[in-house]
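Read through the structure below, which is laid out as structure tokens, and then see the notes.
Numbering (the numbering used here), first residue to last: 202 to 393.
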């Protein structure tokens, strides 16, 4: 149990979690999936990104992680309290077939409740692979960025002042990052 909440407790990754915790974990999982699909730098640390979509995933994952960390308990709750929080759900599941076996609305409500935690998995399962159009778009943006960085490097090439050297070093780091990302995208393209 992560936060001690007793609101809509269900098992998530082999531990009881409330609805808010499951929702925030799903946001982080979605961001990790996007980052992994394109071979980008892992989440955490900085929000530096190559495009707006990547930045959006990084920001939402950071915000979700902050919420999870803010509601995290210092000390884990008593296992008896966790079992008690899970008990009403188990009791409702046992009582549901007895209430109205001929009622279709109660069975559809229980199936909707059962499918609710599986919704994030369903969205992830819908992603069949890397989108070639998106991949080409990212490559074109990165090539434009690489051209811009190269032109800035050549513009300050002859200057030897301290700020110019620092700027050149920063631009060379940016160039290396862009080339690394392009390599990762090429690797992803080959897997298709």
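Here a beta-carbon is modelled for each residue, glycine too, at the ideal position from N, C-alpha and C.
Provide the residue(s) that pair with residue i in DSSP beta bridges, ordered along the chain.
i, result
"residue 216", "213"
Which residue from the options puts its Cα closest to that of residue i?
i, options, result
"residue 272", "204, 227, 246 and 223", "204"
"residue 268", "234, 238, 220 and 236", "220"
"residue 229", "251, 217, 212 and 255", "255"
"residue 368", "231, 350, 383 and 384", "350"
"residue 378", "251, 260, 357 and 208", "251"
"residue 233", "222, 212, 260 and 217", "260"
"residue 339", "253, 359 and 365", "253"
"residue 344", "389, 216 and 384", "384"
"residue 382", "370, 341, 361 and 366", "341"
"residue 375", "332, 222, 212 and 348", "348"
"residue 274", "206, 359, 370 and 366", "206"
Is it true that the CB of residue j sits closer than 8 angstroms to the CB of residue i?
i, j, result
"residue 244", "residue 236", "yes"
"residue 353", "residue 372", "yes"
"residue 225", "residue 265", "yes"
"residue 356", "residue 239", "no"
"residue 380", "residue 336", "no"
Would you call residue i buried or exposed, if buried means 16 or more other Cβ atoms sit within 10 Å of its Cβ?
i, result
"residue 241", "buried"
"residue 210", "buried"
"residue 262", "buried"
"residue 327", "Reliability fails at residue 327, whose pLDDT of 44 lies under 50, so the model's placement of it is uncertain and no value is given."
"residue 364", "exposed"
"residue 223", "buried"
"residue 214", "exposed"
"residue 391", "exposed"
"residue 218", "buried"
**Length-filtered (3 minimum) beta strand (DSSP E) runs lying within the region 216 to 285** = 216 to 218
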